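Mapping of the sequence shown onto this note's numbering: position 2 corresponds to residue 2, and the numbering continues sequentially without gaps.
In this text, a Cβ means the ideal position worked out from N, Cα and C, and glycines have one as well.
Every value quoted in this text rests on a predicted model; they were computed, and no experiment measured them.
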Amino acid sequence: MTKPFSIAIHGGAGTILREQMSDELQQSILADLEAAVKAGHQILEQGGEALDAVVAAVKVLEDSPNFNAGK
């Protein structure tokens with residue numbers, strides 16, 4: 001059994017105004033953010049290390065064209 005935990009991410013420091021974002025882009029961004037949270041959550045849920053959870057979550061953001069993480 002794992003201890004209680006939380007995971008939080010953010011998509012960066014830039015700003016995209018809602019009126020400048022298509023519905024498709026918004027859905028794509030939200031899907032990538034959800035995938036990042038799930039990647040980290042899965043590791044923690046299985047008793048993994050926090051660092052491994054962070055790496056997994058950040059990798060999802062780095063691999064997404066919607067974010068400039070790691071670029």
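Euclidean distance between Cα positions of residue i and residue j
{"i": "Val58", "j": "Ala69", "result": "7 Å"}
{"i": "Asp52", "j": "Gln42", "result": "10 Å"}
{"i": "Gly48", "j": "Thr15", "result": "33 Å"}
{"i": "Ala35", "j": "Leu61", "result": "9 Å"}
{"i": "His10", "j": "Leu44", "result": "18 Å"}
{"i": "Val37", "j": "Ala8", "result": "7 Å"}
Spatial neighbours of residue i in its chain, beta-carbon cut-off 6 Å, leaving aside the 5 residues before and after
{"i": "Ile29", "result": "Asn66"}
{"i": "Ala39", "result": "Ala56, Ala57, Val60"}
Enclosing alpha helix (DSSP H) for residue i [first to last residue]
{"i": "Gln26", "result": "23-45"}
{"i": "Ala53", "result": "50-63"}
Exposure of residue i, with buried meaning 16 or more beta-carbon neighbours within 10 Å
{"i": "Asp32", "result": "buried"}
{"i": "Gly12", "result": "exposed"}
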